Structures are given as C-alpha cells and as structure tokens.
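J.: Chains as they are written, first to last, in my numbering: chain A, 197 to 388; chain B, 17 to 121.
Here you go, one structure.
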Amino acid sequence: MNRHLLRALLALYPRAFRDRYGTEVARLTDELISAGEITPLLAVLNLAGGAALEWGRVLTGSRRAAFAVSAAAVVAAAGSFVFAVAGIFYVAGHARPPSRVATARSVSAPAAIALPAAGCAVNVNSTVPGTVQITVGTNSAAQSAQAIEAPGPVVIVLPGTPSAVPERVQISSADPCAIKLPPPPWPPIVKG
Amino acid sequence: MTKDAVRGSSDRSILILTSLADWPKHGYALVKDIEGFAGVKLGPGTLYSALAKLEQAGLVEALPAEDRRHPYRITAAGLEFLRERLTESARIAEVGLRRIAVASS
Chain A
197 MNRHLLRALL ALYPRAFRDR YGTEVARLTD ELISAGEITP LLAVLNLAGG
247 AALEWGRVLT GSRRAAFAVS AAAVVAAAGS FVFAVAGIFY VAGHARPPSR
297 VATARSVSAP AAIALPAAGC AVNVNSTVPG TVQITVGTNS AAQSAQAIEA
347 PGPVVIVLPG TPSAVPERVQ ISSADPCAIK LPPPPWPPIV KG
Chain B
17 MTKDAVRGSS DRSILILTSL ADWPKHGYAL VKDIEGFAGV KLGPGTLYSA
67 LAKLEQAGLV EALPAEDRRH PYRITAAGLE FLRERLTESA RIAEVGLRRI
117 AVASS
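Printed below as a string of structure tokens:
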C-alpha cells in the first residue's frame, strides 16, 4: 500500500493507539496485501472502520457520548475522503474491478434467538456504525420494530401479555457479528 | 477497560483468545490461524482494535518485539475468561440443539 495513504489512515486513529500499535498495524497491512490475503481497498476500509471504532471507544469511555457521535461523523467523513483517494490509487494500479468490494460490503444476515418468556428486557449493543433494525414478534408477524443508530446500546422490552408472547427477536445490521446479545435467561422487567 | 467491556464486544475477542490459547503469536500468525479454525479473516484494523481492548483488560500481553513486531500471549486471567465463555457457549449450544431436535421431531 502507498506509504502516504497508510500514514493518512493511521492518522485517523487516536494518538495513544497509533503510538502503541501503529507500527504493527502498518506492518500487518503490508504483509496481508503482499500475501494476497486482502486487497488494498479492503485494507483501507478496514483501517478506516477501525479508526471510527477506536474513537468511539475512547470517547464513549469518557462518557462524552454526544461528542463521540460528532467525532464519529468526522472520522467517517475523513474515512470517506481517504476511501475516495484509495479508489483512485486502486483503479490506477490494479486491473481487478472494484465490484468484488461492493459484494463484500453488502453482507447482511439476520440473527435470530429464541425467547424463554414474555416480559423480559434484552440489552443489545452494536459496535459498528450504522442502523441496526430490531424486530420483536411472532414468526408470522412482527409486533414491534425499532431502529438504533449504532454504535450504542438499546434495551428491547418484550411484550408481556400471554397472547403476545414473541417467538423471536430478529436483529439485522450491515455487520451482524458486531451485535452482542447476552445469553438467556434475561432478567424480568421491574415495573415501578 | 474491564472484562465486562470485553464481554460486551464482538466475538472477535474470543477468536483471538482461542488462537492464543496454545502459544504466543504475532499479528499475521493470528490472522492466518483464526482464518484456519474459524473461517474468519480479520483485517489489520479489526485485529488490533480487539487486541488493544484485550490488552487493556489484562487478558493478553505483548511479549518483547521480534523483528519490530510484538508476539502476544494470553494471560492467566485471559485463559480463565476464555474457559468461562466457551463453557457458556457450549451450554447454550446444547440447549439450542436440543430444542431444534424437539421441534424437528
């Protein structure tokens, strides 16, 4: 990967992370690209995404959630710029068409879990920026749905009436692997 | 960074801890090993974000650099954490498979 581009990508990371892991990240990136394990374009996407996650972690950890959202937007914008520059480098230096990358970015597979009972609360936390769609309902019809802007936690309150016992909670996002559900049993809701 | 924070993160942490459970590895060896046993190819940003989290939680530690890169080793706390998580996953898998069998019969 182009040295200047790699340096620009590493500059997106928080300084502490960059100082500690920057050299290793750069080396691993070069190794993976040299070995044909990853394309330069995917490396750019991965590094930009990692930078957004690191900033989110740093800022959320200091309880400055509002600022974290703004910073994430700035990093995303910077990442888009770097991505555009990387695209120019890629097209200029490689014969392979970029459609392969488009396929990789469109990964989407819903995660489904069984529910032990109604009247439970489930904490969902996605660490990947984007919209996470959450649907609570029966196998035949959704009863309620909500969307959150990740990264961020959300509590799903399951319907409590016997006739509305949900058979599933379905959660989908661009990266379902990033959604974490605690194992059942989930604690009942305490009604005040 | 606490163990709870690691627990709340993605399963990439478990993949890394599993990879380090036998012996220390550096970044490239981790990527190849995880791809081999889990079919998941971690990118450089993803891998080091997870490693940073695990290191801050005291679940892995960096060994002295070899050829300008650090091998990483799982700690005793990391082994215990991994054991708990895998046991928990096995229990959930058992319940899930039993229910699938009942539903299929």
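Glycine included, C-beta positions come from ideal geometry on N, C-alpha and C.
Quick caveat: nothing in here was measured; it's all calculated off a predicted structure.
1. Grab me the residues of S35/B's own chain with a C-beta within less than 7 Å of its C-beta, minus the 5 sequence neighbours each way, in chain order.
2. Where DSSP assigns a beta bridge to A78/B, which residues make up the other side?
3. Taking 8 Å as the cut-off, decide whether the C-beta atoms of Y64/B and V221/A are in contact.
4. Suppose you measure from the CA of Y217/A to the CA of I30/B; what does that come to, to the nearest Å?
5. Hey, quick one: how far does the alpha helix (DSSP H) through S230/A stretch, first residue to last?
6. Have a look at R101/B and R107/B and give me their C-alpha separation to the nearest angstrom.
7. I'd like to know whether the C-beta atoms of Y44/B and L224/A end up nearer to each other than 8 Å.
8. First and last residue of the alpha helix (DSSP H) that includes A68/B?
9. Using a Cβ-Cβ cutoff of less than 7 Å, which residues in the same chain neighbour S359/A once the five nearest sequence positions on both sides are dropped?
10. Taking Cβ positions only, does T219/A come closer than 8 Å to chain B?
11. Which term fits T357/A, buried or exposed, when burial requires 16 or more other beta carbons within 10 angstroms of its beta carbon?
12. Along chain B, in chain order, which residues have C-beta atoms closer than 8 Å to that of N242/A?
13. Please determine, among G252/A, L255/A, A247/A, V254/A, the residue with the shortest C-alpha to C-alpha distance to A207/A.
14. Please tell me whether G43/B has its Cβ less than 8 Å away from any Cβ of chain A.
T.: Per the coordinate set shown:
1. Reading the second sequence from its first residue, position 19 is the one you call residue 35/B. K41, L46, D49, I50.
2. The sequence position of residue 78/B within the second sequence is 62, counting from 1. Paired residue(s): Y88/B.
3. Taking the first residue of the second sequence as position 1, residue 64/B is located at position 48. Taking the first residue of the first sequence as position 1, residue 221/A is located at position 25. For Y64/B and V221/A, yes; Cβs fall inside 8 Å.
4. Sequence index remark: in the first sequence, residue 217/A carries index 21 (1-based). Sequence index remark: in the second sequence, residue 30/B carries index 14 (1-based). The alpha-carbon atoms of Y217/A and I30/B are separated by roughly 20 Å.
5. The residue you call residue 230/A lines up with position 34 of the first sequence. It spans 211–230 - the alpha helix (DSSP H) in which S230/A sits, taken as one unbroken run.
6. Position 85 of the second sequence, counted from the start, is the residue given in the question as residue 101/B. Position 91 of the second sequence, counted from the start, is the residue given in the question as residue 107/B. If I take the Cα positions, the gap works out to 10 Å.
7. Your numbering for residue 44/B matches position 28 in the second sequence. Your numbering for residue 224/A matches position 28 in the first sequence. Against a cut-off of 8 Å, the Cβ pair of L224/A and Y44/B comes out as a contact.
8. Here the question's residue 68/B lines up with position 52 in the second sequence. Note, A68/B: alpha helix (DSSP H), 60–72.
9. As a working mapping, residue 359/A is identified with position 163 in the first sequence. Note on S359/A: pLDDT 42, under 50, position unreliable in the model; the coordinate value appears next. Answer for S359/A: no residue qualifies.
10. Along the first sequence, read from residue 1 onward, the residue named residue 219/A stands at position 23. For T219/A, the answer is yes, since a Cβ of chain B falls inside 8 Å of its Cβ.
11. As a first step, residue 357/A is located in the first sequence; it is residue number 161 there, counting from the start. Any reading at T357/A is ruled out, since the residue's pLDDT is 44, under 50, leaving its predicted position unreliable.
12. As a working note, residue 242/A is residue 46 in the first sequence. Within chain B, the residues near N242/A are G59, P60, G61, T62.
13. Mapped onto the first sequence, residue 207/A falls at position 11. Out of G252/A, L255/A, A247/A, V254/A, A247/A has the C-alpha closest to the C-alpha of A207/A.
14. Along the second sequence, read from residue 1 onward, the residue named residue 43/B stands at position 27. Closer than 8 Å to some Cβ of chain A, the Cβ of G43/B qualifies, so yes.
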